[in-house]
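Taking our numbering, the leading residue of the sequence shown gets 91, the next gets one more, and so forth.
Glycine residues also receive a C-beta, built at the ideal position from the N, C-alpha and C atoms.
Values in this document were obtained by computation on a predicted structure and should not be read as measured data.
As structure tokens, the structure follows; a few thoughts come after it.
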Amino acid sequence: MRNNGALISVCSQLECLVLRKWSKPTATGARVVATVLNNPTLHEEWKENLKMAAKRLIVIREKMREKLRLLETLRSWNQITQQSGLFTYFGLTKDQVDFLAKRNHIYLPENGQINISGLNVNNIHYVTQCISDVTLNDTR
91 MRNNGALISV
101 CSQLECLVLR
111 KWSKPTATGA
121 RVVATVLNNP
131 TLHEEWKENL
141 KMAAKRLIVI
151 REKMREKLRL
161 LETLRSWNQI
171 TQQSGLFTYF
181 GLTKDQVDFL
191 AKRNHIYLPE
201 NGQINISGLN
211 VNNIHYVTQC
221 ISDVTLNDTR
């Protein structure tokens with residue numbers, strides 16, 4: 091027999107457990123950060139790794155914009171390289187985002203934002219081709 095009250099109680103307890111676990115990071119992470127920032131050698135290595143990661147994101151942005159340009163999608167896509175950080179917005183509609191998820195298994199939030207750090211030489215062509223297809227189909 092199903093008991094709604096019991097289900098609600100269990101869900102409430104699980105939410106409390108999850109909140110407690112995720113809202114208070116462990117001291118281990120803080121110790122790692124302190125170790126890296128207080129050790130000149132590790133701190134320099136971290137800064138170099140950070141620079142490499144930032145350069146990689148810039149290259150991915152440039153490749154995406156160029157691939158979309160070559161696919162003649164009828165948009166400039168300049169916003170891809172004008173934005174910075176891990177995320178970029180493509181200016182896709184909710185219907186286009188839904189289509190990408192259902193047809194191509196590319197899952198984005200409704201606003202069409204994508205985390206470009208997940209793109210690499212193995213998937214960038216597929217993603218840009220799918221974005222090209224969805225934007226071209228929408229304009230015809």
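Length of the line joining the Cα atoms of residue i and residue j
{"i": "residue 91", "j": "residue 98", "result": "Only weak support exists for where residue 91 lies, its pLDDT of 48 falling under 50; the coordinates are left without a value."}
{"i": "residue 176", "j": "residue 222", "result": "21 Å"}
{"i": "residue 112", "j": "residue 193", "result": "34 Å"}
{"i": "residue 120", "j": "residue 166", "result": "43 Å"}
{"i": "residue 139", "j": "residue 212", "result": "22 Å"}
Strand pairing of residue i, partner residues [DSSP]
{"i": "residue 179", "result": "203"}
Sequence-distant residues of the same chain with beta carbon closer than 6 Å to residue i, five excluded per side
{"i": "residue 169", "result": "none"}
{"i": "residue 225", "result": "163"}
Beta-carbon proximity check, residue i vs residue j, cutoff 9 Å
{"i": "residue 214", "j": "residue 148", "result": "no"}
{"i": "residue 201", "j": "residue 217", "result": "no"}
{"i": "residue 203", "j": "residue 161", "result": "no"}
{"i": "residue 143", "j": "residue 207", "result": "yes"}
7 Å CB neighbourhood of residue i in its chain, flanking five on each side removed
{"i": "residue 152", "result": "171"}
Residue i: first and last residue of the uninterrupted alpha helix (DSSP H) it sits in
{"i": "residue 211", "result": "No alpha helix (DSSP H) holds residue 211; DSSP gives it neither H nor E."}
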